[in-house]
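Notes for the one structure printed next.
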Amino acid sequence: MIDPKIIREHIDVLEKALAQRQAAFDTAKLREIDEKRRSLIVETEKLKNEKNVLSNEIAKLKKSGADASGQIEYQRSLGQRIEACARDLRAAEEEWEQLALVIPNIPDSSVPVGTSDEDNAVVKTWGEKPAFDFAPKAHWDLGEDLDILDPKRAVKITGSRFALYKSQGAMLERALINFMLDLHVREHGYTEVLPPFMVNRTSMTGTGQLPKFEEELFHLDGVDYFLIPTAEVPVTNIHADEILKEDELPIKYVSYTPCFRKEAGAHGKDTRGLTRLHQFNKVELVKFAHPDNSFDELEGLTLDAEDVLKRLNIHYRVSALCTGDLGFSSAKTYDIEVWLPGQEIYREISSCSCFTDFQARRAKIRFRRQGGKTELVHTLNGSGLAIGRTVMAVMENYQDADGTINVPEALKPYMHGLDRITRL
RNA sequence: GGAGAGGUGACCGAGUAGGCCGAAGGUGCUCGCCUGCUAAGCGAGUGUACGGUGAAAGCUGUACCCAGGGUUCAAAUCCCUGCCUCUCCGCCA
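Just so you know, we're using the numbering used here here: the first sequence kicks off at 90 and counts up by one.
Printed below as a string of C-alpha cells:
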C-alpha cells in the first residue's frame, strides 16, 4: 500500500505513477472516500468523547448515591447515534481499503519510463554466448534423450505443467538447491530459513498477492490457506507486525521452497520443458532494509543472485524493468536473464525488487529509529535463483555434441564428483 | 480427535461481587546524578494505531488487556464463537 499522505497531499505524484505504469485507477473517487472517511472519524470520536465524559459523571453520581436516571437515559440515545455513525465509518473505511489495496507501488525515479518489456533497459551483460560446432539442443530434448526428465509421466500423475525429474536430473536439481543455499549463507551473509509452504490470507495480503491476484494462487479446500507462489510471502511475513531494532538492519534471509502458480493467462505459452510450471523450486533472497539505503541493498542483492551464474560460468544479462513492466508491489526491479543456446533466447531466471515501504505498510513491519520514532522498513527480494530454469541453463550451456552434459566445476562437489551426465 | 487449564504492555506479573484501569509492582531499556574501575545506589522517562490542532516541539481525541460478536448507561473484568498455547489420553511421520 502506498502512503495515504500521497493521496491527500501529492495526488499528482500518484497520477503520474499510474500513467507511467499504464494502470487505470480512479483517483478522484479515492480522494472523495478518503475525505468522507476522515470526517466520519471526527464525528464518531466526538460523540464517543461525549459518552466517555458522561460515563464518568454517572459513575460519580452512583457512587455518591445520587440519581442518574436522566443521564443514563441520554446516554442510551447517544449510544444509538454512535452506532449509526460507526456503521457509516466502517463502510467508508472498507471502501477506502478496497481501493487502496489495489493501487500499485510508485516507481522509483531511476526506473526507465516505458510501456512494455521492449522498453526495459539492459544495464549489464556478463560472459559470452558459448560457441558450439554443432546445433545445440533445447533442454527438453536433451532431458528426454538422457532419460532425466519424464514429462509424459508427470502429466499422467497430475496434469500439464508439472515435471518429473529422474536420476541424475533429480540430483542436479538437488545439487543446485544446496549449492545456492551454501553460497548465500556462507559467502553472502544470509540466514537460512525453511518456512511453511502454505500461508493464510493475511500473509498473502501483506506482500501484495491479495486481493488483486487471487486467480494466480492455488487455494486449499476446507481451510483458508494458499500454496505459496514464492518464498517471498512466508519469509517477508516473518517480521509482520513487528518493530525491529535499527541496528539489526539489514536482515537477510535465504530460503529454498517450492513455488505454486496457476499461470492463468499463459495458456499455450512455454508448454515444453521446465520453463513454466505449476510447481517449481526456487531459492529466494529476502532483505529487510533501512529506508536510507534500500536501493543500495537492491544492487547488492542483485549481485548476490548474479554470483550464482558467475560461479556456474553461464552468460547472462541484467535489465532494469521499465515502468510499464514493473510488478504491482515493486518500486524498482532488475531481471536477470540467462542465455539458453538450445532455444536461442534470453530467459528470466531471477527478478530482484525493492518494494520500498509498500509491503511493510501492509504487513506492519517497522523499526525504531535512533531517537525513538517508529518507521516502516523497506523490503526487498529476488530469486537466487529459480532452480528449474537454472537446470535448463546448465543443460543447454554445458551440452556436448553427443547429447551428454558436462557438470560445471562449481557443482561437482554437490554431484558427488560426477563430471558428466549421461544416459544410464 | 477426546478431557482439562490458560491467553494482560519488550519481558515477568497484579488486576473477577463491571465504573476511579492504558492498566499496580518488578525486570529490562533510555537519559541524568552519584560512586577512583566493576557492582550497587538515587531521580526521571519508557506501548501501538488512527484522527484533530500546530511551521515544529508539543498539545489533544478515539481505539486497543488474543480476535470477532453480544449483554449493559458503562467490560481487561460477564456471555457466545473462533484462533493460539500448555497438560493428560488417543492417533501418527
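A virtual CB, placed ideally from N, CA and C, is assigned to each residue, including glycine. Fair warning: this is a prediction, and the values are worked out from it, not measured in the lab.
Ignore the nearest five residues each way along the sequence and tell me which others in residue i's own chain have a CB closer than 8 Å to its CB.
i: arginine 365; result: Arg250, Glu352, Ala355, Lys358, Asp359
i: arginine 110; result: Pro193, Pro196, Thr412, Gly413, Leu415
i: phenylalanine 384; result: Asp197, Ser199, Lys421, Cys443
i: serine 128; result: none
Beta-carbon within less than 7 Å of residue i's beta-carbon, same chain only, minus the 5 sequence neighbours each way: which residues are those?
i: alanine 264; result: Leu500, Tyr503, Met504
i: asparagine 289; result: Asp313, Tyr314
i: lysine 218; result: His404, Trp428, Pro430
i: arginine 458; result: Glu335, Glu464
i: alanine 96; result: Reading the sequence as shown, one finds isoleucine at residue 96 and not alanine. Cβ neighbours of isoleucine 96 beyond the five flanking positions: Leu103, Leu119, Arg120, Asp123.
i: isoleucine 266; result: Tyr345, Asn370, Val372, Ile476
i: proline 225; result: Pro430, Gly431, Glu485, Gln488
i: glutamate 331; result: Ile454
Please look up how many angstroms separate the CB atoms of residue i and residue j, rounded, as I've assumed it's under 8 Å.
i: isoleucine 476; j: phenylalanine 369; result: 7 Å
i: cysteine 441; j: alanine 420; result: Not quite, the Cβ-Cβ distance comes to about 12 Å (not below 8 Å), so this is no contact.
i: glutamate 373; j: serine 472; result: 6 Å
i: valine 407; j: threonine 391; result: 7 Å
i: aspartate 316; j: phenylalanine 349; result: Here the sequence assigns leucine to residue 316, which means aspartate is not the residue at that position. Right, their Cβ atoms sit about 4 Å apart.
i: isoleucine 425; j: alanine 394; result: 6 Å
i: glutamine 164; j: leucine 150; result: So it is not a contact: roughly 12 Å between Cβ atoms.
i: leucine 474; j: methionine 269; result: 7 Å
i: leucine 469; j: serine 256; result: Between serine 256 and leucine 469 the Cβ distance is about 37 Å, and since that is not below 8 Å, they are no contact.
i: glycine 203; j: isoleucine 237; result: With a Cβ gap of about 39 Å, glycine 203 and isoleucine 237 do not count as contacting.
i: valine 324; j: serine 292; result: About 10 Å separates the two Cβ atoms, so there is no contact after all.
Give every residue of the same chain whose Cβ lies closer than 6 Å to the Cβ of residue i, excluding the five residues on either side of it in the sequence, and list them in chain order.
i: alanine 490; result: Phe223
i: glycine 295; result: Asn326, Ala329, Arg451, Ala452
i: valine 466; result: Phe377, Ala449, Ile454, Phe456
i: alanine 189; result: Met90
i: alanine 112; result: Pro193
i: proline 300; result: Leu190
i: isoleucine 147; result: Ala157, Gln160
i: arginine 478; result: Ile438
i: glycine 216; result: His404
i: alanine 243; result: Phe251, Ala252, Leu253
i: valine 211; result: Arg406, Ser408
Using three-state DSSP, classify residue i as helix, strand or coil.
i: glutamate 426; result: strand
i: leucine 387; result: helix
i: leucine 374; result: strand
i: phenylalanine 268; result: helix
i: methionine 90; result: coil
i: histidine 328; result: helix
i: threonine 280; result: strand
i: glutamine 368; result: strand
i: serine 128; result: helix
i: histidine 273; result: helix
i: serine 408; result: strand
i: isoleucine 510; result: strand
i: leucine 103; result: helix
i: valine 312; result: coil
i: asparagine 289; result: strand
Please determine whether the Cβ atom of residue i lies at a distance below 8 Å from any heavy atom of the ligand NAP.
i: glutamine 111; result: Here there are no bound small molecules, and the ligand NAP is not part of this structure.
**Item:** Segments of 3+ residues assigned as beta strand (DSSP E) that fall wholly inside the segment 168 to 237
**Value:** 210 to 215
**Request:** Could you say if the segment 504 to 513 and the segment 410 to 426 meet the contact criterion of at least three C-beta pairs nearer than 8 Å?
**Result:** no
**Item:** Contact the segment 132 to 141 vs the segment 173 to 181: 3+ CB pairs below 8 Å
**Value:** yes
**Message:** Below 8 Å, how does it come out for the segment 113 to 129 and the segment 143 to 153: are there three or more Cβ pairs, yes or no?
**Reply:** no
**Message:** Counting beta carbon pairs with one atom in the segment 422 to 442 and one in the segment 393 to 403, are three or more of them shorter than 8 Å?
**Reply:** yes
**Prompt:** Is the number of C-beta pairs between the segment 274 to 291 and the segment 335 to 344 that are closer than 8 Å three or more?
**Reply:** yes
**Request:** Could I get the ranges of all uninterrupted alpha helix (DSSP H) runs contained in the segment 422 to 503, with 4 residues as the minimum, in chain order?
**Result:** 447 to 452, 476 to 486
**Asked** What residue ranges within the segment 332 to 362 form continuous beta strand (DSSP E) runs of no fewer than 3 residues, ordered along the chain?
**Response** 340 to 349
**Asked** So, do the segment 479 to 499 and the segment 232 to 239 have three or more beta carbon pairs nearer to each other than 8 Å?
**Response** yes
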